[in-house]
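Have a look at the structure below, then the notes.
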Amino acid sequence: MRIGYVRVSSADQNVERQLTDQELTVTFTDRASGKNADRPQLQAMLAGNWPPNSVVVVHSMDRLARSLTDLLQIVEELTARGVHVHFVKEAKTFRGGDSTDPMDMLMLSMLGAVAQYERSLIRERQAEGIIKAKERGVYRGRKRKLTDEAQIQQIVAEATALGANKTHVAQRHGLSRQTLYKYVKSLS
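The sequence shown maps to residues 51 to 238 in the numbering used here.
As structure tokens, this is what we get:
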């Protein structure tokens, strides 16, 4: 059995490019950050009762985990159950059972450390960008979220009024359009 695991960091990223040329029995797809292993589809894949010699196919190590600890734990958990883990980009397969090659574990640790390092660079660049944007006065942070139920109902009534432009309503109240649509949907 061949099990695919796909992860993209955001909803607008394309999952198609990751495992298009692979023949898979089932595929698990997460749209979440790889910073931790607390992802619903990853947990579902790990909870699967896969027969021995099944293969979990992942595009690259950084798609499975950005943390070295998580990567090692996931691969060790699967291989201990007799499930192989294949990383397409790295062209590396970690075999289930007792055939843990020390060189394979070294390679996994090194490549996992690189993925973790990349994650820390991303966070560092993001923090630097926020600081520079604040200095220029263009960073305003996340749009606010309302907690007052009466205010939410009033804004939703305004947004659903005949001919109301939802973008303008959202801007007038300091909300994102997505947040406004979420409020409208929850109250309809």
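For every residue, glycine included, the Cβ atom is placed at its ideal position computed from N, Cα and C.
Inclusion of tyrosine 55 and methionine 95 in the CB contact set at 8 Å is warranted, their separation being smaller than that value. Boundaries of the beta strand (DSSP E) harbouring lysine 142: 142-144, taken from the DSSP string. From the listed residues Asn99, Ile181, Ala200, Lys85, the smallest Cα separation to aspartate 120 is found for Lys85.
Counted as a single uninterrupted DSSP element, the alpha helix (DSSP H) harbouring glycine 162 occupies residues 152-186. The beta carbon of isoleucine 172 lies closer than 8 Å to none in the same chain, with the five residues before and after it left out. For tyrosine 55, the uninterrupted beta strand (DSSP E) run begins and ends at 52-58, by DSSP. Rounded to the nearest angstrom, the Cβ distance from valine 106 to isoleucine 53 is 5 Å, consistent with a contact under 8 Å. If you draw a 10 Å sphere on the C-beta of glutamine 166, you find 16 or more other C-beta atoms in it, and that means buried.
The criterion of a C-beta distance shorter than 8 Å is not satisfied by tyrosine 231 and isoleucine 202. With fewer than 16 neighbouring CB atoms inside 10 Å of its own CB, aspartate 151 falls in the exposed class.
Across the set Gln228, Ala207, Met51, His218, the C-alpha of Ala207 shows the shortest separation from the C-alpha of serine 238. In the structure shown, threonine 229 adopts helical secondary structure according to DSSP, grouped into three states.
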